[in-house]
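So the protein lines, in turn, are chains A and B. When you read off a place in the first sequence, starting at 1, and then add 36, the result is the number in our numbering. When you read off a place in the second sequence, starting at 1, and then add 713, the result is the number in our numbering. What follows is one structure encoded as structure tokens, with my remarks underneath.
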Amino acid sequence: MAQRTVIPFGPQHPVLPEPIQLKLTLKDEIVEEALPHIGYVHRGVEKAAERMDYTQNVFLVERICGICSFIHALCYCQGLERLMGLEVPRRAAYLRVIWSELHRLQSHHLWLGLYADAFGFESLFMEFWRSREMLMDIFEKTAGSRVIISACCIGGVRRDISDQHLQETLETLKTLEAAFDKSSEVMLNDYTVKKRTVGKGVLQADKAIMLGAAGPVLRASGVEQDARQTGFAAYDELRVEPVVETAGDCYARAKVRIREVRQSLDLVRRAIAGLPDTDIAVRPKGRPNGRTISRVEQPRGELLYFLAANGSQKLERLRVRTPTFANVAPLVHMLPGSELADVPVIVLSIDPCISCTER
Amino acid sequence: MMLSSVIRNLFSKPATRPFAPAARTAPQGYRGAVEFEEEVCIYCGACATRCPANAICVDRVAKSLEFDPFKCVQCGACAEACKKGCVQLQIDYQHPVAVRHTVAFHGPPKPTVAP
Chain A
37 MAQRTVIPFG PQHPVLPEPI QLKLTLKDEI VEEALPHIGY VHRGVEKAAE RMDYTQNVFL
97 VERICGICSF IHALCYCQGL ERLMGLEVPR RAAYLRVIWS ELHRLQSHHL WLGLYADAFG
157 FESLFMEFWR SREMLMDIFE KTAGSRVIIS ACCIGGVRRD ISDQHLQETL ETLKTLEAAF
217 DKSSEVMLND YTVKKRTVGK GVLQADKAIM LGAAGPVLRA SGVEQDARQT GFAAYDELRV
277 EPVVETAGDC YARAKVRIRE VRQSLDLVRR AIAGLPDTDI AVRPKGRPNG RTISRVEQPR
337 GELLYFLAAN GSQKLERLRV RTPTFANVAP LVHMLPGSEL ADVPVIVLSI DPCISCTER
Chain B
714 MMLSSVIRNL FSKPATRPFA PAARTAPQGY RGAVEFEEEV CIYCGACATR CPANAICVDR
774 VAKSLEFDPF KCVQCGACAE ACKKGCVQLQ IDYQHPVAVR HTVAFHGPPK PTVAP
């Protein structure tokens, strides 16, 4: 007779890079219900942002997430620039695209490695992470730091990338692409990988929209939506077509990210080729006043910042809606019906970033 | 593909570096440990105002500066704010130490006016 068991998955679990707990109600080996519990890494960033100067907050919001730190800073700066009526110089906008796409590349490499590790393919994990080191070296060279690059500021960017570094970046990307071709081939075509991913954790397009999925999770279900289409930074000139797959399973989510890596490589090359020769920043004047919502596309999906300012040095309110937060509800919907052994792969397939989610 | 990887990895050098004997120098422009030139400092407090981690404390009246390297996040905001160029970020990273300490210095004492 089938027995119901409740298994706590996390907060400490070998596949989870960050702590989240899912209480899984199982009927034999099949998941019947999943209940998420968050609150293990809450740091009070939103409250801290109300106590700090609005210029100091750029460094604070970067620390919400280590994997896409630049994009957090970009979203925050973009919102403030709108409130203060600043127009960012074109070169700065292009440099923002270059660093954003490099961050997307390293985030996707990181995820592909962790994903391979989730189904026990450790050598593939090593291959992706070895490639990722090349990107970290680019950040160190161009921005001065590997993880928290602190390159964005209100009104533009803090430092320029020299022609020599741009050339070196292009050379590195060539090596990276060759390595990625081989590793992604395994991820897409290997028999054992497909056995673990095809048809697992299926999310239909209508459910994805109803549950508010974001980013690759949404696009893997066949919904054509990407915040880069809104044309922030220099994406208005560097057109981006959303990468869409229709199956909605773990394999499709990996495929979307693999195709996005190629798209990002192309975007970085196009941005470097079309880099205009202007200033890199404008000096902000006055203080922000008013309310706005800033939207950008993170590697995990759409990131929203709500900013409320009252003309003083400090913000009245900063609200961050991260893509993983949006993807927890679809995850809870994906899990019922799957086997317990597939849970780690399905959880990893949404690319959970819990530090982002809890801020 | 995996067979070629196995053969390549068997005969290639390790992807990692032996850290202590072959420590690598960081590239130019790397944001490392913060250092102050106390002779140049005018104790204006611009660095302390901009520091997001509250690692710098400047007393403009007493002409003193205290810097806590353990609070510092090496963002470089102080170096950008300093008009005198007395704050610099070293190429080398912040080395670990056994005892927590702060860096403090102060300006020359005010000349006393003869009665």
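The beta carbon of each residue, even a glycine, is placed where N, CA and C say it ideally should be. From a predicted model like this one, the values you see are computed outputs, not experimental measurements.
>> Per the DSSP calculation, Phe396 of chain A is bridged to which residue(s)?
In response: The structure shown does not extend to residue 396 of chain A, since chain A is modelled only from 37 to 395, so the question has no answer here.
>> If I measure Cβ to Cβ from Leu716 of chain B and keep anything under 6 Å in the same chain, skipping five residues before and after, which residues do I get?
In response: By 1-based counting over the second sequence, the position of residue 716 of chain B is 3. Answer for Leu716 of chain B: no residue qualifies.
> Can you list, in chain order, the residues of its chain whose CB lies under 6 Å from that of Thr178 of chain A, leaving out five sequence neighbours each side?
Replying inline: Taking the first residue of the first sequence as 1, we reach residue 178 of chain A at position 142. Counting only Cβ-Cβ distances below 6 Å, and skipping sequence neighbours, we find Ile197 and His201.
> Buried or exposed: Phe704 of chain B, going by 16 or more other Cβ atoms within 10 Å of its Cβ?
Replying inline: Outside the displayed span of chain B (714 to 828) sits residue 704 of chain B, for which this structure offers no information.
> So what does Pro72 of chain A bridge to, in DSSP terms?
Replying inline: As a working mapping, residue 72 of chain A is identified with position 36 in the first sequence. For Pro72 of chain A, which the question treats as bridged, DSSP gives the partners A:Leu58.
>> So, for Arg99 of chain A: in the same chain, excluding its five sequence neighbours on each side, which residues have a beta-carbon less than 6 Å away from its beta-carbon?
In response: Translated into the one-based positions of the first sequence, residue 99 of chain A becomes position 63. Within its own chain, no residue has a Cβ closer than 6 Å to the Cβ of Arg99 of chain A once the five positions on either side in sequence are excluded.
> Can you round the beta-carbon distance between Ala270 of chain A and Ala317 of chain A to whole angstroms, since I take them to be within the 8 Å contact cut?
Replying inline: Here residue 270 of chain A refers to the residue found at position 234 of the first sequence. Here residue 317 of chain A refers to the residue found at position 281 of the first sequence. The beta carbons of Ala270 of chain A and Ala317 of chain A sit about 15 Å from each other, so the pair does not count as a contact at 8 Å.
> Between the Cα of Pro335 of chain A and the Cα atoms of A:Val368, A:Asp302, A:His369 and A:Gln142, which residue gives the shortest distance?
Replying inline: In the first sequence, residue 335 of chain A corresponds to position 299, counting from 1. Of A:Val368, A:Asp302, A:His369 and A:Gln142, the smallest CA-CA separation from Pro335 of chain A is found for A:Gln142.
>> Can you look up Glu65 of chain A in the DSSP assignment and give me helix, strand or coil?
In response: Mapped onto the first sequence, residue 65 of chain A falls at position 29. Of the three classes helix, strand and coil, the one that applies to Glu65 of chain A here is coil, per DSSP.
> Looking at the structure shown, is Cys389 of chain A part of a helix, part of a strand, or coil, going by DSSP?
Replying inline: As a first step, residue 389 of chain A is located in the first sequence; it is residue number 353 there, counting from the start. Coil, per DSSP.
> Are any of the Cβ atoms in chain B nearer than 7 Å to that of Gln349 of chain A?
Replying inline: The residue you call residue 349 of chain A lines up with position 313 of the first sequence. It does not; no Cβ of chain B falls within 7 Å.
> Counting along the chain, where does the beta strand (DSSP E) carrying Glu260 of chain A start and finish?
Replying inline: Taking the first residue of the first sequence as position 1, residue 260 of chain A is located at position 224. Counting along the chain, Glu260 of chain A falls outside any beta strand (DSSP E), and DSSP gives it neither H nor E.
> Beta-carbon separation of Val133 of chain A and Pro380 of chain A under 7 Å?
Replying inline: To locate residue 133 of chain A, count along the first sequence from 1; it is residue 97. To locate residue 380 of chain A, count along the first sequence from 1; it is residue 344. For Val133 of chain A and Pro380 of chain A, no; Cβs fall outside 7 Å.
> Starting from Phe95 of chain A and walking both ways along the alpha helix (DSSP H), at which residues does that stretch end?
Replying inline: Here residue 95 of chain A refers to the residue found at position 59 of the first sequence. Start and end: Asn93 to Glu98.
> Can you give, in chain order, each stretch of the beta strand (DSSP E) that sits fully within the region 257 to 316 of chain A and has at least 3 residues?
Replying inline: The region 257 to 316 of chain A is shown to contain no whole beta strand (DSSP E) run of 3 or more residues.
>> Cutting at 7 Å between CB atoms, please list the residues of its own chain near Cys101 of chain A, excluding the five before and the five after it.
In response: For the purposes of this step, residue 101 of chain A is taken as the residue at position 65 of the first sequence. His108, Cys389, Ser391 and Cys392, listed in sequence order.
> According to a CB-to-CB cut-off of less than 8 Å, which residues of the region 189 to 218 of chain A neighbour chain B?
Replying inline: Near chain B, meaning a CB-to-CB distance below 8 Å, the residues of the region 189 to 218 of chain A are Arg194, Arg195 and Lys218.
>> Quick check on Thr328 of chain A: does DSSP put it in helix, strand or coil?
In response: By 1-based counting over the first sequence, the position of residue 328 of chain A is 292. Collapsing the DSSP output to three states places Thr328 of chain A in a strand.
>> Our contact map puts Leu119 of chain A next to Gly326 of chain A with C-beta atoms below 8 Å; I'd like the distance itself, whole angstroms only.
In response: Locating residue 119 of chain A in the first sequence gives position 83, where the first residue counts as 1. Locating residue 326 of chain A in the first sequence gives position 290, where the first residue counts as 1. Confirmed, about 5 Å.
> At a CB-CB cut-off below 8 Å, which residues of chain A make contact with Ala728 of chain B?
Replying inline: One-based indexing of the second sequence puts residue 728 of chain B at position 15. Result: Arg166 and Glu169.
> Counting Cβ pairs, one atom from each stretch, are 3 or more of them under 8 Å apart for the region 84 to 99 of chain A and the region 151 to 171 of chain A?
Replying inline: As far as the Cβ criterion goes, the region 84 to 99 of chain A does not touch the region 151 to 171 of chain A, which means the pair count is below three.
>> Give me, in chain order, the residues of the same chain whose beta-carbon lies closer than 7 Å to that of Lys776 of chain B; leave out the 5 immediate sequence neighbours on both sides.
In response: Here residue 776 of chain B is taken as the residue at index 63 of the second sequence, counted from 1. Excluding the 5 residues flanking it on each side, Lys776 of chain B has same chain C-beta neighbours closer than 7 Å at Tyr756, His819 and Gly820, in chain order.
> Looking at the unbroken alpha helix (DSSP H) that takes in Phe106 of chain A, where does it start and where does it end?
Replying inline: In the first sequence, counting from the first residue as 1, residue 106 of chain A sits at position 70. Residues Ser105 to Met120.
> So who's on the other strand from Cys188 of chain A, going by DSSP bridges?
Replying inline: Sequence index remark: in the first sequence, residue 188 of chain A carries index 152 (1-based). BP columns for Cys188 of chain A point to A:Val193.
> Under 7 Å between C-beta atoms, does Gly798 of chain B make it to chain A?
Replying inline: By 1-based counting over the second sequence, the position of residue 798 of chain B is 85. Judged by the 7 Å Cβ criterion, Gly798 of chain B is not in contact with chain A.
>> Between the region 237 to 247 of chain A and the region 217 to 229 of chain A, can you find at least three pairs of beta-carbon atoms closer than 8 Å?
In response: Touching, no.
> Along chain B, in chain order, which residues have C-beta atoms closer than 8 Å to that of Ser186 of chain A?
Replying inline: As a first step, residue 186 of chain A is located in the first sequence; it is residue number 150 there, counting from the start. One finds Arg744, Cys788 and Gly789 in chain B with Cβ atoms closer than 8 Å to the Cβ of Ser186 of chain A, taken in chain order.
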